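Asker: Residue numbering for the sequence shown follows the numbering used here, starting at 4 and increasing by one per position.
Backbone N, C-alpha and C define an ideal beta-carbon position, used for all residues, glycine too.
Predicted, not measured: the structure shown is a model, and the values here were computed from it.
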Amino acid sequence: MPRFVILLKNEKLRTYTLISWLIIALTVICFIYAGISGKSRITNLPFFAAGLLIVIFCARFLSKREDFESDSISLAFSIAIIAWIFLQFYWIAALTFVLFLFQDISRRKLTVLVYDDRIVYPSFPKRTIEWKELNNAILKDGILTIDLKNNKLFQNEVLSPTSEMEFNEFCEVRLKGLIK
Numbered sequence: 004m005p006r007f008v009i010l011l012k013n014e015k016l017r018t019y020t021l022i023s024w025l026i027i028a029l030t031v032i033c034f035i036y037a038g039i040s041g042k043s044r045i046t047n048l049p050f051f052a053a054g055l056l057i058v059i060f061c062a063r064f065l066s067k068r069e070d071f072e073s074d075s076i077s078l079a080f081s082i083a084i085i086a087w088i089f090l091q092f093y094w095i096a097a098l099t100f101v102l103f104l105f106q107d108i109s110r111r112k113l114t115v116l117v118y119d120d121r122i123v124y125p126s127f128p129k130r131t132i133e134w135k136e137l138n139n140a141i142l143k144d145g146i147l148t149i150d151l152k153n154n155k156l157f158q159n160e161v162l163s164p165t166s167e168m169e170f171n172e173f174c175e176v177r178l179k180g181l182i183k
């Protein structure tokens, strides 16, 4: 069980969201092209899929839920993947699936877990940092700083309210325990 769970600010979230919607818009254009050109065996499916994606895009402006953006992007990608499979464009479905995985990884919540024996940092893949690898770990003015002995430094803005004094004392005890 982690002693501290610290939620970090994902500073590029808006950029990743914009890129995701641009990919979905490109998918809508491709569906319309597939429907007009007659390259699909099911004639109405490309138009239906494009319409669904447009409805999902418009619905995100009407929703008051904070997590609706993420859910609507996931739903739009899922519909696109399924439609490409039904249209027998398997390679486009596979490409859309890979893009979905990338956007899902980039838009995840960045959570640092601090345990008695290690810190789990939310890189990709997650990085486990043992206390013996650290020079210092400090939380000050809403900024988490993790200083490694190999001269790497991680600094991130913190979103979740965490007692800075309690966290810093915990880290100091852990680091001093290694010196003895």
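Rounded to whole angstroms, what's the CA-CA distance from G54 to E72? Just pull it up for me.
Answerer: Position 51 of the sequence shown, counted from the start, is the residue given in the question as residue 54. Position 69 of the sequence shown, counted from the start, is the residue given in the question as residue 72. Answer to the nearest angstrom: the Cα atoms are 18 Å apart.
Asker: Whole angstroms are fine: how far does the CA of F7 sit from the CA of S75?
Answerer: Against the sequence shown, residue 75 aligns to sequence position 72. Against the sequence shown, residue 7 aligns to sequence position 4. Whole-angstrom Cα-Cα distance: 31 Å.
Asker: Got a sec? Which residues, its chain only, sit under 6 Å from F157 by beta carbon, not counting five neighbours each side?
Answerer: To locate residue 157, count along the sequence shown from 1; it is residue 154. Answer for F157: I149, listed in chain order.
Asker: From the DSSP secondary-structure annotation, give me the bridge partner or partners of Q106.
Answerer: What you label residue 106 is simply residue 103 of the sequence shown in a count that begins at 1. DSSP lists no partner for Q106.
Asker: Taking the alpha-carbon of F51 as reference, which of A83, N159, P164, L10 has the nearest alpha-carbon?
Answerer: In the sequence shown, the residue the question calls residue 51 occupies position 48. For the residues A83, N159, P164, L10, the minimum Cα distance to F51 belongs to A83.
Asker: Figure out for me which residue from F34, T131, N13 has the closest Cα to the Cα of I57.
Answerer: Counting from 1 along the sequence shown, the entry for residue 57 is found at position 54. When each option's Cα is compared against that of I57, the closest is F34.
Asker: Considering just the uninterrupted stretch of the beta strand (DSSP E) at R121, what are its terminal residues?
Answerer: Reading the sequence shown from its first residue, position 118 is the one you call residue 121. First-last of the beta strand (DSSP E) with R121: 121–124.
Asker: Which residues bound the beta strand (DSSP E) around E136?
Answerer: If you number the sequence shown from 1, residue 136 lands on position 133. Taken as a continuous stretch (DSSP letters only), E136 belongs to no beta strand (DSSP E), as it is neither H nor E.
Asker: Using a Cβ-Cβ cut-off of 6 Å (strictly less than) and excluding sequence neighbours within five positions of Y118, which residues of its own chain qualify?
Answerer: Numbered from 1 along the sequence shown, position 115 holds the residue referred to as residue 118. Excluding residues within five positions, the ones whose Cβ falls inside 6 Å are P5.
Asker: Compute the Euclidean distance between the alpha carbons of L65 and I39, then round it to the nearest angstrom.
Answerer: As a first step, residue 65 must be located in the sequence shown, where it is residue number 62. As a first step, residue 39 must be located in the sequence shown, where it is residue number 36. In a straight line, the C-alpha of L65 is about 30 Å away from that of I39.
Asker: Nearest to L178 by CA position, among T20, F103, I146, E133, is which residue?
Answerer: The residue labelled residue 178 in the question sits at position 175 within the sequence shown. When only C-alpha atoms are compared, the closest one is E133.
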